[in-house]
């Protein structure tokens, strides 16, 4: 009997395995321009054209097929701009994936919006609820994405429109600097102003949802859409995403965080699987790499109150992003507490009920493939409600979509759509929405241009008699500035890449004056979205011969680079006649001379400059590098240690010691110990400071506990980095200017943590449960928010954020990021903190150019070994009456330190933070969230 039972189990497993293996070819590529692989699909699937470059095996019939091999159900679309009927393929049975409903206790603006949405949803039929998440199909509405109207609740339907640089397929709009430009400014104010200006133009055209910003990490240097995002650093990308969303939504326009998640390349984007810490994901854990590198920009988007997310084309560890319950339900909607809705990228939906159960709320543009007349949602989803999809999940889906609409006030006095994407010249009122945005565009363009070389003060130019201009990038596109659809051709000056992230230029300035005394040589490197192939694209290493030829005949050659990302310039950057080089678009130029290599995700945390630092590679220009026409000094550093967020406050004096006004970008980095497994250096704050000649100012930056923590994959929580972590300030990732340190040691005080206090997200300045005591040992309440969705865990609630104040701590990632216990813990010994200082005699290095000096100072930081390793998150700490420890500054230092503070040149000191590894309680992620 036992043998029979074993054999039966084996037979069932074998049948199941055969079924899974037989289904693997479904959704595989089967044709397209340049495709050389197989063209046949498994039984029940048909090779279907998605576009000229990509054919895919899909269940059901192709667009050109008149009969279907699968059972189909007619669907009625409630809009006058779409067909009255279409055919939908049947879906596979619903999986047992976890669903995540909007929590019952949201706060702030989301609370009001969700309340209105729930009341509206209660009035709708099942068909109407489904229609909220079903696009009307491609080119069946005025915008690139449209949902049908519902008159019973005065819902006009949504207009969703690209792009990251402005309103796509519309006239009388501005084209804004690309995302990579915005990041290169290191200026939150400019990035937010850019977002606000873009939001104003989208609103002026009647667009409800701006499909922006893009924020995937520039992991692969040649990735086609890097120019749409904010570069390769997760902190910088997160800050830029936050500021962009705040700006866009300040105009009442829904922003969309995309492309979620791990869509870091265009090549094979629809057939590839991004395997990020594969083993941890398969064990139902969320990985360290995911949390520390790829998730931060999306986390900051949630904190900014973003209305919507767009899931990506790719698979994540073998499951499509748009039907990946772990990524959508558990990670986004549960751990991060996202309360808006998730839409698919265009034609990235692969199923109906399974995708909805996995967390997908809206399918775009609605059809399964271009003009297929089929949809995975619509009536197909209506029929699945009650059997494959629960009524509560359907209500949650509809509520999320309407809540975002109410959140931005789009239910009152919002302009109607006044353009048509498919008939730009022949339809609409042609509203001019440009305003005076050209001034901001020029300002961002200037601020994002990086000066890389300035030999003998070649720049700025001083009115030479004649100037020669060389290179196609200096002139106009031979086909006109908008001569090719989606900028798919460009042989002139480069202003953006190609693809769906483009917009129509109202104008594009080019240089055409000939000359001889000085020869600016304009070169470019272009890229774009994967559905377009551009033959003969210049790429990373072209133009070498052009620069060499110009430099051979002119002793004052200035190279100007317009690039969507890194290029290789080793063959000419050190040429004696190349006196200056300026690069637009990129935050760093990576030139190791080894070309492009497709790097697997098992590089882990070592992405971009982190990889160079970890592997001992010296790049030509490090991350954050940029010369100036003036000089700056850093001095008088101070360190304040707090016991709630901000965990550490760093202040220093910045002075413009040159003869002209200029802007400096001070950057704050941490340097964890090598034993932690963290990269050697990581950006954790920055500022953009403009100073007149001779002027000085005090700059303050903060670090939260989140900034000083790592993702503990085993415990599924954030934990403080073990050991000694350095903190330093400088103008780039390899130029340390200031140091000091703080030491933590244990005391004999014992306390018991008090219960959690509920707070609004905007009032929270803590990412962990911290109990503080005064000098006598009496307890103060912890500055910690409780869970907004479930008492067993803590999550960051969404709300409309206040505008960040420069120099003050921004709202940091909230308490879901460091697990906090929900019940009183046992008594624990309390650490006290002693602020310490050590002078580091500065070494003086000669400047690398006439511009801003970039000395490379050897590290002389002294590490102090700590013996106590068991401090936990919930320990009380001693503090002064204001809640922080004594501040370290030059006036309060011992005599031995005063001599150093009187030095006339830059003070090179090191700030090291000493604290112990902490072990908090593991986060509890429920399988489902309660809803009322």
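Residue numbers (the numbering used here): 1060 to 1991. Backbone N, C-alpha and C define an ideal beta-carbon position, used for all residues, glycine too.
Whole-number beta carbon distance between residue j and residue i, since they are thought to touch under 8 Å
i            : j            : result
residue 1252 : residue 1499 : 6 Å
residue 1032 : residue 1194 : Only positions 1060 to 1991 of the chain appear in this structure, which leaves residue 1032 out of reach.
residue 1476 : residue 1218 : 5 Å
residue 1239 : residue 1288 : 7 Å
residue 1738 : residue 1784 : At roughly 12 Å, the Cβ-Cβ gap does not stay under 8 Å, so residue 1738 and residue 1784 are not in contact.
residue 1263 : residue 1308 : With 8 Å as the limit, residue 1263 and residue 1308 do not qualify as a contact, their Cβ atoms being about 15 Å apart.
residue 1632 : residue 1679 : 7 Å
residue 1779 : residue 1348 : Residue 1779 to residue 1348, Cβ: 19 Å. No contact.
residue 1297 : residue 1355 : 4 Å
residue 1224 : residue 1261 : No, residue 1224 and residue 1261 are not in contact; Cβ-Cβ is about 12 Å, not under 8 Å.
Proximal residues to residue i (C-beta, below 6 Å), its chain only, five neighbours per side dropped
i            : result
residue 1201 : 1476, 1479
residue 1792 : 1668, 1681, 1682, 1683, 1740
residue 1797 : 1693, 1696, 1711, 1788, 1968
residue 1441 : 1185, 1186, 1189
residue 1640 : 1511, 1512, 1618
residue 1385 : none
residue 1229 : 1264, 1478
residue 1359 : 1297, 1300, 1301
residue 1462 : 1172, 1173, 1176
Unbroken beta strand (DSSP E) run spanning residue i, endpoints
i            : result
residue 1401 : 1400-1403
residue 1729 : 1726-1730
residue 1768 : 1768-1771
residue 1513 : 1509-1513
residue 1699 : 1691-1700
residue 1743 : 1741-1745
residue 1762 : 1755-1762
residue 1232 : Counting along the chain, residue 1232 falls outside any beta strand (DSSP E), and DSSP gives it neither H nor E.
residue 1723 : 1721-1723
residue 1471 : Run containing residue 1471: none; DSSP gives neither H nor E here.
residue 1203 : Unbroken run through residue 1203: none, as it is neither H nor E.
residue 1618 : 1616-1622
Cβ-based neighbour list, residue i, same chain, cut-off 7 Å, excluding 5 preceding and 5 following
i            : result
residue 1465 : 1172, 1175, 1176
residue 1318 : 1273, 1275, 1369, 1371, 1404
residue 1706 : 1762, 1763, 1764, 1767
residue 1688 : 1519, 1719, 1721, 1910
residue 1322 : 1275, 1328, 1371, 1372, 1373
residue 1751 : 1715, 1720
residue 1743 : 1294, 1727, 1728, 1729, 1762, 1766
residue 1468 : 1311
residue 1102 : none
residue 1488 : 1477
residue 1616 : 1578, 1580, 1609, 1610, 1636, 1637, 1638
residue 1496 : 1233, 1256
Alpha helix (DSSP H) segment containing residue i, residue limits
i            : result
residue 1496 : 1496-1506
residue 1606 : 1603-1612
residue 1671 : 1668-1674
residue 1487 : From DSSP, residue 1487 is part of no alpha helix (DSSP H); its letter is neither H nor E.
residue 1001 : The structure shown has nothing for residue 1001, since the chain only spans 1060 to 1991.
residue 1458 : 1450-1466
residue 1437 : 1437-1443
residue 1012 : No statement about residue 1012 is possible, as the shown extent of the chain runs from 1060 to 1991 and does not include it.
residue 1713 : Where residue 1713 is concerned, there is no enclosing alpha helix (DSSP H), although the beta strand (DSSP E) it sits in stretches over 1707-1715.
residue 1665 : Element bounds for residue 1665: n/a, residue is neither H nor E.
Cut-off 8 Å between Cβ atoms - residues of its own chain near residue i, not counting five sequence neighbours on either side
i            : result
residue 1357 : 1274, 1300, 1316, 1319, 1320, 1368, 1391, 1395
residue 1331 : 1324, 1373, 1374
residue 1231 : 1489, 1490, 1491, 1492, 1493, 1565
residue 1758 : 1710, 1711, 1712, 1713, 1725, 1746, 1748, 1866
Fill in: At least 3 beta-carbon pairs within less than 8 Å: the stretch 1618-1632 vs the stretch 1275-1284
yes
Worksheet item: So, do the stretch 1266-1273 and the stretch 1457-1476 have three or more beta carbon pairs nearer to each other than 8 Å?
Response: yes
Discussion item. Whether or not the stretch 1177-1186 and the stretch 1412-1428 are in contact is what I'm after, with contact meaning three or more pairs of Cβ atoms, one per stretch, closer than 8 Å; do they touch?
Written reply: As far as the Cβ criterion goes, the stretch 1412-1428 does not touch the stretch 1177-1186, which means the pair count is below three.
Worksheet entry | Segments of 3+ residues assigned as beta strand (DSSP E) that fall wholly inside the stretch 1354-1407 | 1367-1370, 1400-1403
Practice prompt. Indicate whether the contact test is met: 3 or more Cβ pairs, each with one atom in the stretch 1711-1726 and one in the stretch 1766-1783, closer than 8 Å.
Written response: no
Fill in: Minimum length 4: unbroken alpha helix (DSSP H) runs contained in the stretch 1288-1350
1293-1308, 1337-1341
Worksheet entry | Whole alpha helix (DSSP H) elements within the stretch 1235-1283, 4-residue minimum | 1238-1243, 1247-1263
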